[in-house]
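*Asks:*
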Amino acid sequence: MKHVKAKTSVGPLSGEQKRRRLVRALKRNWVLYVFLLPSLVYIILFCYWPMYGLQIAFRNFKFKDGFWGSEWVGLRWFEKFLSTPRFWGILKNTLVLSIYSLIAGFPLPVILALVLNNVRNVRWKKFAQTITYMPHFIAVTVLVGMMSLFFSPSSGFVNTLLSYLGGSGDTYFMGTPRYFSHMYVWSGVWQGMGWGSIIYLAALAGVDQELHEAANIDGANKLKRIWHIDLPSILPTVIILLVMSCGSIVGVGYEKVYLMQNSLNVEVSEVISTYVYRTGLGNRQYSYSTAIGLLNNLVNIVILAIVNKVSGKLSGISLW
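If you number the sequence shown the way numbering that gives the first Met the number 0 does, the last residue is 319 and the count never jumps.
1) Under DSSP, the alpha helix (DSSP H) around residue 181 begins and ends at which residues?
2) Which residue wins for smallest C-alpha separation from residue 105, given the options 222, 194 and 262?
3) Can you say whether residue 264 is buried or exposed, counting buried as having 16 or more other CB atoms within 10 angstroms of its CB?
4) Taking 8 Å as the threshold (C-beta atoms), are residue 196 and residue 115 in contact?
5) Just checking residue 295 against the ligand PLP - is the residue's beta carbon closer than 7 Å to any of the ligand's heavy atoms?
6) Note down the Cα distance separating residue 289 from residue 282, rounded to an integer number of angstroms.
7) Assign residue 336 to one of two classes, buried (16 or more other C-beta atoms within 10 Å of its C-beta) or exposed (fewer than that).
8) Between which two residues does the alpha helix (DSSP H) carrying residue 88 extend?
9) For my contact list, residue 294 and residue 60 are in at a C-beta cut-off of 8 Å; report their separation, rounded to the angstrom.
10) Note down the Cα distance separating residue 270 from residue 251, rounded to an integer number of angstroms.
11) Quick one: what does DSSP say residue 58 is sitting in, helix, strand or coil?
12) Just list the residues that DSSP pairs residue 71 with in beta bridges.
13) How close, in whole Å, do the beta carbons of residue 248 and residue 299 come, if the pair is a contact with beta carbons under 8 Å?
14) By Cβ distance, which residues of its chain are closer than 6 Å to residue 202, with the 5 residues on each side in sequence left out?
15) Grouping DSSP H, G and I as helix and E and B as strand, with all else coil, what is residue 304?
16) Which residues bound the alpha helix (DSSP H) around residue 258?
17) On a Cα-Cα basis, can you pick out the residue from 185, 25, 230 and 150 that is closest to residue 206?
18) Residues in the same chain with beta-carbon distance under 7 Å from residue 221, minus the five sequence neighbours each way, listed in chain order, please.
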């Protein structure tokens, strides 16, 4: 009997072979692609299609002329923003809030996750998690309203407590410029710390417990086990989230800042996002505000790429 060997192709696939393989995969998994379709349509409609309107950043947009009929002005609006006398003040306020929030708010969820992970009493651990997660679900408007009540110079309990301790007891915290950044940052830390620790707790759940048992046998205390086992295990997650946080370093959201803003603290509370909101909707300068928003996003992308590159060089961990 002669054994006939099947011919096998070991070379690269041709274009026709790739198309046939793709068609077979589509036919075999068509149900999965049908489920994927709504998400794909949503992303196209609400994430990519609106980019069509970015061209008004380079035009003198008017409703009656439309996108294509409006006058092309090139980089006029970018130059106007960079040359405005308020530019450096707005940029400084944005960077102060963003960097302050990053320095104060990024390490605390990691520390909280490490602490909760080492709590052995299940009931106490669940109670602590619930208490720290709850502020995340408070709306921004409600949070700012709570701050206005708590720090009120007439009836707030903070001023009442300060008066009992010998202070003045009539400080208007929400209207004093030097307190604005502290109130903005630490209220955000309080609101987001518990929720931010969830991803680190998930990463800690994958740590091999045999490492802790071996370290315990060798006489390592809890602090040393956290430092030498838990922290290195979640370090890749920490670095990735840090890189992503740096990608929004000039992207302070306007909602909370705008709600906390008033005529007394506007000199330190006016950031890029609130300036875009005022010029775009308040003054109806649509092209100008679009140009500022586009410039802001481009700077964020550049910073993200630089931080990601540095992270890859120093630690070998990066987004791409």
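Here a beta-carbon is modelled for each residue, glycine too, at the ideal position from N, C-alpha and C.
*Replies:* The short version:
1) For residue 181, the enclosing alpha helix (DSSP H) has its first and last residue at 176-195.
2) The option with the nearest alpha carbon to residue 105 is 194.
3) Looking at its Cβ environment, which holds 16 or more other Cβ atoms inside 10 Å, residue 264 is buried.
4) The beta carbons of residue 115 and residue 196 sit closer together than 8 Å.
5) This structure lacks the ligand PLP, and indeed carries no ligand of any kind.
6) Spanning the two alpha carbons is a distance of roughly 13 Å.
7) Outside the shown range of the chain (0 to 319) lies residue 336, about which nothing can therefore be said.
8) Taken as a continuous stretch (DSSP letters only), the alpha helix (DSSP H) holding residue 88 covers 86-104.
9) With 8 Å as the limit, residue 294 and residue 60 do not qualify as a contact, their Cβ atoms being about 16 Å apart.
10) The alpha-carbon of residue 270 is positioned some 7 Å away from that of residue 251.
11) Residue 58 falls in the strand class under three-state DSSP.
12) Paired residue(s): 58.
13) Yes, residue 248 and residue 299 are in contact; Cβ-Cβ is about 7 Å, under 8 Å.
14) Hits under 6 Å: 233 and 236.
15) Note: residue 304 maps to helix in three-state DSSP.
16) For residue 258, the enclosing alpha helix (DSSP H) starts and ends at 253-259.
17) The residue from 185, 25, 230 and 150 with its alpha-carbon nearest to that of residue 206 is 230.
18) Cβ neighbours of residue 221 beyond the five flanking positions: 117.
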